[in-house]
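Enquirer: Please see the structure below; I have some questions.
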Amino acid sequence: MMTTMPTEMDALVLTETNSDLVRSRMVCPAPAAGEVLVRVKASSVNPLDLKIKSGQAPHARHPLPAILGMDLAGVVEAVGPGVTSFKPQDEVFGLTGGVGGLQGSLATFVSVDADLLAPKPNNLTMREAAALPLVFITAWEGLVDRAAVQARQKVLVLGAGGVGHVAIQIARAFGAQVFAVDKASKQRQIEELCATAIDRHQTTVEEYVKDHTGGRGFDVVYDTVGGAGIDAAFNAVSRFGHVVSCLGWGTHSLGPLSFRAASYSGVFTLLPILTGEGRAHHGSILREAKRLAEAGKITPLLDPRRFSFETVSAAYAEVESRTASGKIVIDVAD
Numbered sequence: 285m286m287t288t289m290p291t292e293m294d295a296l297v298l299t300e301t302n303s304d305l306v307r308s309r310m311v312c313p314a315p316a317a318g319e320v321l322v323r324v325k326a327s328s329v330n331p332l333d334l335k336i337k338s339g340q341a342p343h344a345r346h347p348l349p350a351i352l353g354m355d356l357a358g359v360v361e362a363v364g365p366g367v368t369s370f371k372p373q374d375e376v377f378g379l380t381g382g383v384g385g386l387q388g389s390l391a392t393f394v395s396v397d398a399d400l401l402a403p404k405p406n407n408l409t410m411r412e413a414a415a416l417p418l419v420f421i422t423a424w425e426g427l428v429d430r431a432a433v434q435a436r437q438k439v440l441v442l443g444a445g446g447v448g449h450v451a452i453q454i455a456r457a458f459g460a461q462v463f464a465v466d467k468a469s470k471q472r473q474i475e476e477l478c479a480t481a482i483d484r485h486q487t488t489v490e491e492y493v494k495d496h497t498g499g500r501g502f503d504v505v506y507d508t509v510g511g512a513g514i515d516a517a518f519n520a521v522s523r524f525g526h527v528v529s530c531l532g533w534g535t536h537s538l539g540p541l542s543f544r545a546a547s548y549s550g551v552f553t554l555l556p557i558l559t560g561e562g563r564a565h566h567g568s569i570l571r572e573a574k575r576l577a578e579a580g581k582i583t584p585l586l587d588p589r590r591f592s593f594e595t596v597s598a599a600y601a602e603v604e605s606r607t608a609s610g611k612i613v614i615d616v617a618d
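In structure tokens:
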């Protein structure tokens with residue numbers, strides 16, 4: 285049966301730096317060759333969204349006026365020419381835009397590159413699925429693609445927030461012994477993920493390296509906080525070990541790393557979206573997320589509060605204040 289393509293959509297538009305997002309009625313995009321039109325059900329909020337909104341993210345290359353929102357979960361409405369991997373009514377999720385001039389997911393519809401999508405995990409809600417793409421891809425690229433994490437390795441994760449809590453779960457899924465450094469209030473969350481919690485305010489790098497590795501150091505260290513976290517990582521890694529950071533933008537001494545004959549990798553998750561190179565790999569990573577989620581090995585941590593287009597400013601404020609107890613997700617109304 286032939287369906288009618290939607291012609292209009294609702295969207296939240298950022299018209300100028302630091303302004304409120306304006307709800308607008310817009311023309312619905314049609315899927316071009318290789319693209320999928322998705323009816324968006326949920327969109328999560330990432331710290332980068334706030335930086336784009338305030339004009340502090342030139343690396344995101346997102347010109348105004350713009351629709352924000354990088355992660356999405358939704359239902360395929362239509363497919364463009366050449367798309368065979370999805371069909372209408374398929375449930376999908378992905379990291380698909382909101383940077384690089386590509387429309388974001390704070391809209392009822394978005395047309396996206398099919399390579400950036402994957403089937404939604406059957407055991408996750410739309411809200412849960414929308415919370416995963418950016419953090420899962422970032423964690424996977426660091427631990428698996430760069431560091432080749434293995435069973436029985438000792439893995440240290442610096443920061444148990446968005447990327448960190450998923451990195452813990454991925455490392456555990458690969459059979460590694462995992463430790464995570466964060467504030468004392470995160471101890472219960474870390475231990476519920478079957479990792480050893482280390483209080484960053486009570487223990488020095490030298491002390492926790494001695495206590496948990498006998499002074500040898502950790503096989504893999506994933507820094508998710510940047511700044512001093514990278515310096516800590518260089519001093520916590522073992523000889524011939526591997527340090528990964530998703531916020532390695534500063535200037536640091538390589539001495540501790542070099543003297544251990546260890547290696548370092550940076551992760552810039554937005555690169556395939558910004559350049560068009562490697563997008564299919566993002567889709568394949570999200571298929572791994574589906575596999576692990578359906579096996580009960582990955583569970584996204586969501587803030588229980590519900591936000592909508594009408595309350596998106598409050599959602600952004602929660603992310604900015606760092607008071608959320610998990611990923612903030614926006615319910616996208618039809």
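Position in the sequence shown counted from 1, then plus 284, gives you my numbering.
Cβ coordinates follow ideal geometry from the N, Cα and C atoms, glycine included.
Owing to the predicted nature of the structure, the values given are computational and were not obtained by experimental measurement.
Leucine 356 lies in the beta strand (DSSP E); which residues open and close that run?
Expert: 355–363
Enquirer: Which value, in whole angstroms, describes the spacing of the CA atoms of glycine 610 and leucine 442?
Expert: 17 Å
Enquirer: Per DSSP, what kind of secondary structure is serine 338 in: helix, strand or coil?
Expert: coil
Enquirer: Quick check on the burial criterion: 16 or more other C-beta atoms within 10 angstroms. Buried or exposed for valine 311?
Expert: That one is exposed.
Enquirer: The beta strand (DSSP E) spanning threonine 553 covers which residue range?
Expert: Element bounds for threonine 553: n/a, residue is neither H nor E.
Enquirer: Under 7 Å between the Cβ atoms of valine 603 and isoleucine 612?
Expert: Contact flag set, yes.
Enquirer: Within the same chain, show all residues whose beta-carbon is closer than 8 Å to that of leucine 576, passing over the 5 residues directly before and after it, in chain order.
Expert: Closer than 8 Å at the Cβ level, and outside the excluded window around leucine 576, lie Gln453, Ile454, Ala457 and Ile582.
Enquirer: Are the CB atoms of alanine 357 and phenylalanine 377 within a distance shorter than 7 Å?
Expert: Result yes, Cβ atoms of phenylalanine 377 and alanine 357 sit closer than 7 Å.
Enquirer: With DSSP as the reference, label valine 394 as helix, strand or coil.
Expert: Secondary structure at valine 394: strand, using DSSP grouped into helix, strand and coil.
Enquirer: Give the DSSP bridge partners of glutamate 375, in chain order.
Expert: According to DSSP, residue pairing for glutamate 375 in a beta bridge involves Val359.
Enquirer: On the DSSP bridge list, what partners appear for histidine 526?
Expert: Val504 and Ser547
Enquirer: With burial defined as no fewer than 16 other Cβ atoms inside 10 Å of the residue's Cβ, what is the status of methionine 289: buried or exposed?
Expert: exposed
Enquirer: With a 10 Å radius around its C-beta and 16 neighbouring C-beta atoms as the bar for buried, classify cysteine 530 as buried or exposed.
Expert: buried
Enquirer: Taking all protein chains shown into account, decide if threonine 380 is buried (16 or more other Cβ within 10 angstroms of its Cβ) or exposed.
Expert: It counts as buried.
Enquirer: Between the Cα of alanine 479 and the Cα atoms of Ser469, Thr488 and Ala464, which residue gives the shortest distance?
Expert: Ala464
Enquirer: Quick check on lysine 494: does DSSP put it in helix, strand or coil?
Expert: Three-state DSSP puts lysine 494 in a helix.
Enquirer: Check proline 315 in the structure and name its three-state DSSP category.
Expert: In this structure, proline 315 counts as coil in the three-state DSSP scheme.
Enquirer: Give the straight-line distance between the Cα atoms of glycine 498 and lysine 438, rounded to the nearest whole angstrom.
Expert: 12 Å
Enquirer: Just reading off the beta strand (DSSP E) that methionine 293 is part of, what are its end residues?
Expert: 292–297
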